[in-house]
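Please read the structure below before turning to the comments.
Residue numbers (our numbering): 48 to 1154.
Laid out in structure tokens, this is it:
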């Protein structure tokens, strides 16, 4: 076959190599025929090593793959490398010391290697390309391998270049000795390959990769792989994605700042609510305190006004009583005069003895009245001790005394309530006080942790100068999810030891340790260090894990709590005891726990549903439970009090009865004998009647005297009564005046504050609500009730203010801990709350709107500039690929694929569902008018973009595979080859070599490859490319003679210079396409030899001896 070439085309003319693989100990030279060249020899002789030597000069290291023909289409790791070639790896043996298979080297010490490629252009010009290596010592590391690349338009010999590498690379000396040469070193060969491409007229660097991959054309079995891996460059989508990931940082930071500002805003809005509540409650407390403070002066001033009214009333009453007294005195004087007159008349009529009897009668009547009074009291006394029958005679009285004495003797001394009753009462009182203290602490602190532990924490916090909230108990951060509230009791049992642990951050730990060691805490305290560096929580493998049924509050130590729980309390919640056998740690809903593979525990000292002892979360629930418990405790207290009071009352009644009975024993019947005293009165009255019955005048005089005496006694009594009333009125007036003067004096001295009119009105209303009729005798009692009500309201307001203050301190402490830089000059607590609220105002008015606007702007810019560009690039890729195929189709039209048949490539868009979904996500981001979109829409777009950027930047296999599938637009199309006749009619369509024989597949792919090479290497109007050498290693191993010849004709037709390597196959078919044959042999596996042969089978020459 005639040589078809352009005299200007550069073709490989000679290869020199030394110390390369099994080409050992001398310089081997292979002269390459300009028509074409065949390299043959048995397998393992070194054919591929020779071709790899050529490739390591022509191909940049980033694309260099050795022994490609042997690797085929597999993705196994390369076993050959620059180091293995320089060292001369020739076999692999087992290293007993290291218990592994290792390579055995021909050159284990310091060594050099060299390769020289000579190219001629047919017009007498020569271009030499060389690469020298040096590896010191016994190193097998690529980092220790040094190299030099040389390009010179002259004939270079490896014999001359050996001196620059044999003892170590001498780059400077080489440059000095060859000033016209392009010399690069140590892996930095960009200028070398740029000069090479300019000389060979190769515009695109990827053409060098295509030339290298053509060496293994036998591995190409379908059109898709040919075009995706050999022809089409890496699409710009990868670079756009990388740029997007880099520039996404600004957007991510902007969004993160918005999120942080929102977190700050949300926390500070809670603070504002708590602050307003504090202000309201504190103002109410202050107002009520003011009312309570002014209540006493108000009552005094109110009392003074009432005293003034009372004085006027008393003065009027006193005047009236004094007038009545004068009248009574006059009436008494008149009655006394009439009595004296009547008494003289009795005396004048012989009434001396009558007067004596009358006096005796008066005395007897007085005695009888006294005995009657004693008898009535005695009768009442008897009834009080249960004796209803009154003695009527001395004998009955004596019998009664005998009975009382016997009863007193038989009764033992009573001791009232028993020890057990009093102990029960004391315990009930303690329970009530403790529950009230728990309720008070829970309301004030908002914490479910027991009061004694909170007091210890507060003492520590006060001593070291931090808010108590900086050292939370775990219970204050954990809450059972509402969906699993029926499991709360069981979860409480599992977590209680951890829940009552005080969490101390590392910076506070030394001070806490010192305080705890130096103080009596009167109880048990457990605290644990919370380090700054927090490990990620261990994964919760079981869906029924206790960890999945609780929530952890977002706080400075929340992440640590999540980690600790995942490590220590990953209990599985099981419905039945049998379910515990499947897990090493488990808990039933009734509170039975399995704490290890063999240990079980159940503690029912407290009811599992006794919420009053729960410490996790749910403060309202615990408060309700404590209220129920308080009610029960108060009922028990009332019952115990009733028992004790009843016993004491009964004892008191017995003692009173005993005293009264004893007093009866000391009395006599004469003290109560009204019958005898009445007989004495009757006897005297009879004697007086007998004395006066015989003298009518005396009788009338006596009756007149008795009447006068009765009138006198009445007048005297009336005078005494009126005199008493006057004294009472005078005393009342005097007391009233003294009280008024005392109040006036205190007012004058400034001891009683002025009461504003509105305050007085409010206090008056409160008095009227307690009692409508306010008098001097009840004003202070009513005032006390008002004071009690005010104190209660004030305490309630103060408690509410304290709770709000606690919440303010909690929130400001959390803010300070989470955003130290923002609140660096502020102190957590109520006093500095205004400073924190100023931060909120700034966030609401400037900070958040500004950063949200910036976020939307950045999102719009990134969406337009990056996402939009990426989407356009993906959508336009099929058309761009079609444009790239146009010149290849022009090249294919130059040569028939078969008799009267030509190939025409067609590109079909074929995107997977994953790609379509990805493109849909991109459209979600870029579609719509940005002017009309709110923050919610922007964040929805951002969430999609952030997930895409995360996967772009991820190193996870699933994400890298997804990224490659979405971004490699070469895989978004399928390549079809239409077989057309001279009229353009499609006669057959090949779908990546499907339904074709192996030879047909190779022919199809190689045909397209040749066209692609011409497209990459030749200018559009050139008949042949300026660079012509194409190396094919073991090509056409599946094709028959006809297809092999046709494929070779394609390369020759397109103007290529073929260097073929085959293991003594298809030689007669290949003969017309080559001008010479080189045989490589390696019978010992340690030394490859090179020999030129002729087609008659005789050796033409052996180059092994040349050096």
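Just so you know, even glycine gets a beta-carbon here, dropped at the ideal spot from N, CA and C.
Sequence-distant residues of its chain with Cβ nearer than 7 Å to residue i (five each side left out)
i            : result
residue 98   : 262, 1078, 1080, 1108
residue 122  : Because the pLDDT at residue 122 is just 42, under 50, the model does not fix this residue reliably, and the point stays unresolved.
residue 1134 : 69, 71
residue 181  : 159, 193, 212, 215, 216
residue 254  : 1063, 1064
residue 383  : 759
residue 735  : 401, 404, 405, 408
Residues near residue i in its chain [Cβ-Cβ closer than 6 Å; skip 5 each side]
i           : result
residue 739 : 745, 746, 749
residue 4   : No statement about residue 4 is possible, as the shown extent of the chain runs from 48 to 1154 and does not include it.
residue 840 : 335
residue 96  : 68
Option nearest residue i by Cα separation, candidates the options
i            : options              : result
residue 209  : 63, 1100, 1106, 1102 : 63
residue 478  : 232, 1070, 1105, 674 : 674
residue 1162 : 1061, 385, 379       : No answer is possible for residue 1162: it lies beyond the span of the chain, which begins at 48 and ends at 1154.
residue 472  : 371, 687, 938        : 687
residue 597  : 59, 919, 534         : 534
residue 593  : 421, 613, 576        : 613
residue 494  : 506, 476, 521        : 521
residue 1047 : 1124, 579, 945       : 945
residue 853  : 340, 1057, 326       : 326
residue 543  : 616, 423, 360        : 616
residue 204  : 163, 851, 862        : 163
residue 1162 : 389, 187, 992, 83    : In this structure the chain extends from 48 to 1154, so residue 1162 is not present and cannot be described.
Euclidean distance between Cα positions of residue i and residue j
i            : j            : result
residue 1092 : residue 942  : 13 Å
residue 967  : residue 957  : 16 Å
residue 312  : residue 889  : 10 Å
residue 43   : residue 877  : Any property of residue 43 remains undetermined from this structure, which presents the chain solely from 48 to 1154.
residue 1136 : residue 1129 : 6 Å
residue 1021 : residue 928  : 10 Å
residue 1103 : residue 902  : 58 Å
residue 713  : residue 706  : 11 Å
residue 630  : residue 663  : 25 Å
residue 779  : residue 369  : 14 Å
residue 814  : residue 364  : 29 Å
residue 48   : residue 101  : Note on residue 48: pLDDT 45, under 50, position unreliable in the model; the coordinate value appears next. Approximately 26 Å between the Cα atoms of the pair.
residue 184  : residue 152  : 13 Å
residue 219  : residue 202  : 20 Å
residue 197  : residue 230  : 5 Å
residue 276  : residue 1089 : 28 Å
residue 923  : residue 283  : 12 Å
residue 983  : residue 989  : 10 Å
Chain-order list of residues whose beta-carbon lies under 8 Å from that of residue i (same chain, five-residue window excluded)
i            : result
residue 1154 : Legend: pLDDT at residue 1154 = 27, less than 50; position of this residue unreliable, no value from coordinates given.
residue 732  : 408
residue 866  : 307, 311
residue 57   : 166, 167, 168, 174, 246, 247, 1073, 1074, 1075, 1076
CB contact check: residue i to chain D, cutoff 7 Å
i           : result
residue 887 : Looking for chain D here will not work: only one protein chain is present.
### Task
Please list the segments of the beta strand (DSSP E) lying wholly inside the region 1073-1101, counting only runs of 3 or more residues, in order along the chain.
With a minimum length of 3 residues, the continuous beta strand (DSSP E) runs that stay inside the region 1073-1101 are 1076-1080.
### Task
Please determine if the region 1115-1122 and the region 55-71 are in contact, where contact requires at least 3 C-beta pairs separated by less than 8 Å.
As far as the Cβ criterion goes, the region 1115-1122 does not touch the region 55-71, which means the pair count is below three.
### Query
On the three-pair Cβ rule with 8 Å, is the region 374-383 touching the region 747-766?
A contact exists between the region 374-383 and the region 747-766.
### At least 3 beta-carbon pairs within less than 8 Å: the region 781-801 vs the region 401-412
With a cut-off of 8 Å, the region 401-412 and the region 781-801 do not count as touching, because too few Cβ pairs lie within range.
### Query
Touch check for the region 1001-1013 and the region 945-952: three-plus C-beta pairs under 8 Å?
With a cut-off of 8 Å, the region 945-952 and the region 1001-1013 do not count as touching, because too few Cβ pairs lie within range.
#### Entry: Whole beta strand (DSSP E) elements within the region 126-196, 3-residue minimum
As far as the region 126-196 is concerned, its whole beta strand (DSSP E) runs of at least 3 residues are 136-142, 147-152, 158-167, 173-182.
### Complete runs of the alpha helix (DSSP H) confined to the region 217-262 [at least 4 residues]
Counting only runs that start and end inside the region 217-262, the alpha helix (DSSP H) elements of at least 4 residues fall at 218-224, 237-247, 253-261.
### Query
Does the region 893-901 touch the region 918-934, meaning 3 or more C-beta pairs lie closer than 8 Å?
No, because fewer than three Cβ pairs between the region 918-934 and the region 893-901 fall closer than 8 Å, the two stretches do not touch.
### Message
Restricting to runs no shorter than 3 residues, where is the beta strand (DSSP E) found entirely within the region 56-117?
### Response
Counting only runs of 3 or more, we get 58-67, 70-78, 84-87.
### Task
Run through the region 352-440 for me and flag every whole alpha helix (DSSP H) of 4 or more residues, listed as ranges in chain order.
Runs of the alpha helix (DSSP H) spanning 4 or more residues and lying entirely within the region 352-440 occur at 399-431, in chain order.
#### Entry: Cβ pair count under 8 Å reaching 3, the region 511-531 against the region 855-866
Touching, yes.
#### Entry: Cβ pair count under 8 Å reaching 3, the region 711-726 against the region 416-435
Remark: three or more beta-carbon pairs, one from each stretch, lie closer than 8 Å, so the region 711-726 and the region 416-435 are flagged as touching.
### Message
Tell me whether the region 547-567 and the region 643-650 touch, counting them as touching only if at least three CB pairs, one residue from each stretch, are closer than 8 Å.
### Response
Result no; under three Cβ-Cβ pairs closer than 8 Å.
### Task
At 3 residues or longer, and completely inside the region 539-589: list those beta strand (DSSP E) runs for me, N to C.
Listed in chain order, they are 548-552, 573-577.
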